[in-house]
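Notes to accompany the following structure.
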Amino acid sequence: AAAGINALPLDRDDFEAAISQTLTGDKLALNLKAYDLGVRMVQ
10 AAAGINALPL
20 DRDDFEAAIS
30 QTLTGDKLAL
40 NLKAYDLGVR
50 MVQ
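Structural data, given as structure tokens:
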């Protein structure tokens, strides 16, 4: 959600690149979905 209000210098691509180093499959997909929902909630 903080990324949605530009409180962090982090866009979705940066977030995905960072978490894909440790998460795969369903866990990665779930975290990306949560990121997207958080951004939408604050816009």
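36 is the number that the working numbering gives to position 27 of the sequence shown; each next residue is one higher, with no gaps. Every residue gets a Cβ at the ideal spot worked out from N, C-alpha and C, and that includes glycine.
Secondary structure at ASP22: helix, using DSSP grouped into helix, strand and coil.
Sequence-distant Cβ neighbours of ILE28 in its own chain, meaning closer than 6 Å and more than five residues away, are ASN40.
Following the DSSP letters along the chain, one finds ALA43 inside the alpha helix (DSSP H) bounded by residues 34-51.
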